[in-house]
Ligand code: PTJ
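In my numbering, the protein residues as written are 49 to 301.
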């Protein structure tokens, strides 16, 4: 569908279009459409913009990604559908590692997603999690727990947009710093991850990249200062407070 740029909900309609296209091409799981709808609902509740709390999580995440020895960006059907190029840009500022990690893993979807990244693989991106996913996250069933040795398995910091709560928890148990992007502050993923960015992924990935670029010029001590007092529970409470204030004071006319 052609979305007119003048439409007040242009960005949202464009994202819906990308989701539908990705479903039709086999990249997106059926459940991905439902997940997107849930995300839209929470985006309404936070005001469809990056909140101060989210910006703080974004800055802390960028600093952690720069400090990391083996940072990995995990992607699934929804994140590839909405922001493949933005993830590639971020990965290029880091070590180039992107790992495909699917909740509904099938060989067909793996192949479709690999095709989407074809030109990036020659351009410096290391695509993991498909041909080389021969390690297992302890406690997670076979297909959902498949990871690559040089990727998520040995990563110290992993960025997981739209992750499943069980896996987020299992990755934390493995000793990893887990940065989740999830619009739902009540989800298990948001509660179990080390850092939860409660923001829409197409809005926050370019911001993370911008801060990564800036923070690469800083020394370790300065970066450690950015991350030192972060408290994820406080972050989630700030978002919930913001939502409840908005619900009682929002201008309806
Ligand atoms: O591609 P696969 O097989 O890995 O499957 C991916 C989905 C997303 C279908 C799977 O992981 C799943 O079922 O996820 P959930 O449990 O529905 O969780 C998705 C979470 O992402 C929800 O809490 C949504 O609020 C949130 N979400 C949806 N769209 C966005 C989002 N968060 C940030 N940005 C979005 N665009």
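For glycine and all other residues, C-beta sits at the position ideal for the given N, C-alpha and C.
Being a predicted model, the structure only gives us computed values, none of them experimental.
Item, Value
"Cβ-heavy atom distance, residue 232 to ligand 1, below 7 Å", "yes"
"Start-to-end residues for the beta strand (DSSP E) that takes in residue 254", "Run containing residue 254: none in the beta strand (DSSP E); it sits in the alpha helix (DSSP H), 249-263."
"Per-residue DSSP class, three states only, for residue 194", "strand"
"Proximity test, residue 92 beta-carbon vs ligand 3 heavy atom, cut-off 7 Å", "In the structure shown, ligand 3 is absent; the only ligands present are ligand 1."
"Residue burial classification, residue 259 (beta-carbon count within 10 angstroms, cutoff 16)", "buried"
"Backbone secondary structure at residue 73 - three-state DSSP", "helix"
"Enclosing beta strand (DSSP E) for residue 147 [first to last residue]", "145-148"
"Residues that residue 119 bridges to, as DSSP identifies them", "205"
"Span of the beta strand (DSSP E) around residue 225", "225-229"
"Distance, residue 83 Cα to residue 152 Cα", "13 Å"
"Distance between residue 194 and residue 127 (C-alpha atoms, nearest Å)", "18 Å"
"Neighbourhood of residue 172 by C-beta, 8 Å cutoff - its chain only, sequence neighbours within 5 removed", "140 and 144"
"Reference residue 154, options 134, 167 and 190, closest by Cα", "190"
"Residue 242 to residue 264 span [Cα, whole Å]", "22 Å"
"Local Cβ density within 10 Å of residue 89, reported as buried at 16 or more and exposed below that", "exposed"
"Residue 302 to residue 218 span [Cα, whole Å]", "Past the boundaries of the shown model lies residue 302; the chain is included only from 49 to 301, so the question cannot be answered."
"beta-carbon residue 190 near ligand 1 non-hydrogen atom, thresh 7 Å", "no"
"Ligand 1 heavy atom lying under 7 Å from the CB of residue 152", "yes"
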